[in-house]
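Here the protein sequences come in this chain order: E and V.
Numbering-wise (the working numbering), the first sequence opens with residue 7 and increments by one.
Numbering-wise (the working numbering), the second sequence opens with residue 378 and increments by one.
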Amino acid sequence: MTAASDRHVERWIARARRGDAAAFGRLYDLYVDRVYAYARSRVRSVQDAEDLTEIAFMKAWEAIGSYDDRGLPFTAWLFRIARNAVIDRHRKSEREPEAVDLAAAATIPDVVAVEEEVLGLLDGETIREALRELTEEQASVITMRFIWDMSLKDVAESLGKSEGAVKAMQHRAVRSLAALLGRKSDEDER
Amino acid sequence: MKMNGSSENNELTSAEERFLADVMARAAEKMPAGSRRAIRQRVLANAGGEPFRVQRLVFARAATALTVTVTLLGGVSAAAAASLPGDMLYGLKQRAEEVTVAVLPEGALERSFMFELAERRGDEADRLVARGASADEIERAIVRFQAAVSRAYAAQDLAPSLGDVTAAQVRFMERIRTMAASVQAGYDAVLQAQPSGSTGSGAGSGTSGAPGSGSGSTSTPTPGSGGSGSPSGPSPSDDPEPGNGSTQNQNGSPGSGYAPESAPGSTDTSGGPSGSKRP
């Protein structure tokens, strides 16, 4: 990710809003990895993830003229666009990502034992497979929190939820992920 | 690592936070560099206009500023490159410039090209004067010149802090000042040669007839005519070179002050190299 001060980012946003494509290019450089990482966590193929990233930035350019920096923070605004692109893709392909059985996840005891070594044994794709089994909202929440480094408040605004609801989703996500990864680790051992 | 149970209020424990951070770090994958570049070019070509030019302009990414100029000249034909505002081919020239700006990666190459565009606009204004264009035509060219200068300065955002100006920047600013002075002189001559009030622009309300004399009495956008701060460009006070001279705003001499993007009359509606059209 390109190192850029908040001041620079604000200027790029302002210039892009006025139609400056070069400034938008800088925003692309800054955010493309985050958008791609999110897309990659939601679709299986690299090509699909790249397509979604491209669509998200195309849409962002179309919409940035009306972006209001007094409303959503830019990252929350951009994530919303990326998320909508992913949702649209799943809707069109009628291939909703399989969500983890919440009822089953709820039976996981509070004390979830996922040994550090277990995580170390799982490769990136296996972990992404587990992420794809989370509900769309859970995956969005933890992506925004832990890849996009967004605050709870910004995540809540991006999703149109309360901070409490975001915390609850985050909490369910960690339990579901622990269960899924534990299961995948067991499968690998067999 | 043992992840102890979460607290009652759905707050993640520190162990859970670490777990999620670790999981997401392992899951995060960077886009392959080739795809990253290709998508950038497609997105920005879409933003800048004609995608069909992108393939040729990809070559320019790794080239020097000189190569960019050559690419442009070759891309739009010498006739278009030499065209002036009002000529049929001028639109083509502008489009080529816009696409180039859109696909250039940030950095020295982009900044150099911004300089090049500013000089090109100044040269056009000069040539319009030489061609005997009307004051209105020259004024519009000056607006474009001013916008291009503002934009070139704004593109220096990523340059080292002001005060640590590069030799190239200093050379550019000196050339702009010289060019602006030439345009100003030509413009003054045109105004004096025309009957009073014929331009309809309000220019020449000062005693010398010079536009943008710094008194705020006119809105004619002479490059370097001073103005208020810009939200995206350096303000006159932090501009290390243009406008630092003692001539600033004494007689409206072009180049005697920094003309920010937001200065009256400096809008891009004149078709200056504003980057691209709004979709």
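In this text, a Cβ means the ideal position worked out from N, Cα and C, and glycines have one as well.
Looking only at C-alpha atoms, which of PHE85(E), ALA136(E), ASP129(E) and GLU142(E) sits nearest to TYR42(E)? PHE85(E)
Neighbourhood of ALA62(E) by C-beta, 7 Å cutoff - its chain only, sequence neighbours within 5 removed: VAL41, ILE87, ALA88 and ALA91
To the nearest angstrom, report how far apart HIS96(E) and LEU137(E) are at their CA atoms. 15 Å
Kindly confirm or deny that the segment 558–568 of chain V and the segment 505–523 of chain V touch, where touching means at least three C-beta pairs closer than 8 Å. yes
Establish whether the CB of ASP94(E) and some CB of chain V are separated by less than 8 Å. no
Could you give the C-beta distance for ASP39(E) and LYS470(V), rounded to a whole number, given that I count them as a contact under 8 Å? Rounded, the Cβ-Cβ distance is 36 Å, inconsistent with contact.
Between the alpha carbons of GLU16(E) and ARG76(E), how many angstroms are there, rounded? 12 Å
Alpha carbon to alpha carbon, what distance is there between MET150(E) and VAL52(E)? 20 Å
7 Å Cβ shell around GLY321(V) - same chain, five flanking residues per side excluded: Nothing can be reported for residue 321(V), as the shown portion of chain V is limited to 378 through 656.
Contact criterion: CB-CB distance below 8 Å. Does ALA105(E) meet it with respect to chain V? In this prediction, ALA105(E) scores a pLDDT of 47, lower than 50, which makes its location untrustworthy; no coordinate-derived value is stated.
For TYR73(E), which residues in the same chain have their Cβ closer than 8 Å to its Cβ, ignoring the five residues on either side in sequence? ILE19, ARG23, PHE80 and TRP83
Check this for me: beta carbons of ASP503(V) and MET550(V), under 8 Å apart or not? no
Residue range of the alpha helix (DSSP H) that ASP35(E) falls in? 27–48
Buried or exposed by the 16-neighbour rule on C-beta atoms within 10 Å, applied to MET465(V): exposed
Throw me the rounded Cβ distance for the ALA529(V) and PHE492(V) pair, which I believe falls under 8 Å. 5 Å
If you reduce the DSSP assignment to three classes, tell me which class THR141(E) lands in. coil
Taking 8 Å as the CB-CB cut-off, is SER653(V) touching chain E? With a pLDDT of 37 at SER653(V), under the threshold of 50, the modelled position of that residue is not reliable, and no figure is offered here.
Within chain E, partners of GLU406(V) - CB distance below 7 Å: ALA43, ARG46 and GLY130
Short check: CB of LEU128(E) to CB of SER191(E), under 8 Å? yes
Given a threshold of 16 other Cβ atoms within 10 Å of its Cβ, counted over all protein chains shown, does LYS159(E) qualify as buried or as exposed? exposed
By a C-beta neighbour count over all protein chains shown, 10 Å radius and 16 as the cutoff for buried, is ARG189(E) buried or exposed? exposed
If GLY31(E) and LEU494(V) are in contact, beta carbons under 8 Å, what's the gap, nearest whole angstrom? That pair is no contact at about 16 Å.
Assuming MET156(E) is part of the alpha helix (DSSP H), what are its boundary residues? Neither: MET156(E) is in no alpha helix (DSSP H) and is coded neither H nor E.
Which same chain residues end up closer than 8 Å to SER460(V) when comparing Cβ atoms and leaving out the 5 residues on each side of it in sequence? LEU466, TYR467, LEU469 and LYS470
Among GLU487(V), VAL400(V), VAL476(V) and LEU389(V), which one has its Cα closest to the Cα of GLN418(V)? VAL476(V)
Helix, strand or coil, according to DSSP, for ARG24(E) in the structure here? coil
Compare the C-beta of VAL526(V) against all C-beta atoms of chain E and say whether one is closer than 8 Å. no
GLU131(E) to VAL526(V) span [Cα, whole Å]: 49 Å
Determine which residues of the segment 47–80 of chain E have a Cβ less than 7 Å from any Cβ of chain V, and write them out in chain order. SER47, GLU56, THR59, GLU60, PHE63, MET64, TRP67, GLU68 and GLY71
Tell me the rounded alpha-carbon separation between THR59(E) and ALA398(V). 22 Å
Tell me the DSSP secondary structure of GLU475(V) in three-state form. helix
For ARG134(E) and SER11(E), which I take to be in contact (beta-carbon distance under 8 Å), what is that distance rounded to the nearest angstrom? In fact, because the Cβ distance is near 32 Å, the residues do not count as touching under 8 Å.
Can you grab the Cα-Cα spacing for the pair SER623(V) / SER489(V), in whole Å? Any reading at SER623(V) must be qualified, since the residue scores a pLDDT of 34, below 50, and its modelled position is unreliable; the value itself is stated next. Distance between the alpha carbons of SER623(V) and SER489(V) is about 27 Å.
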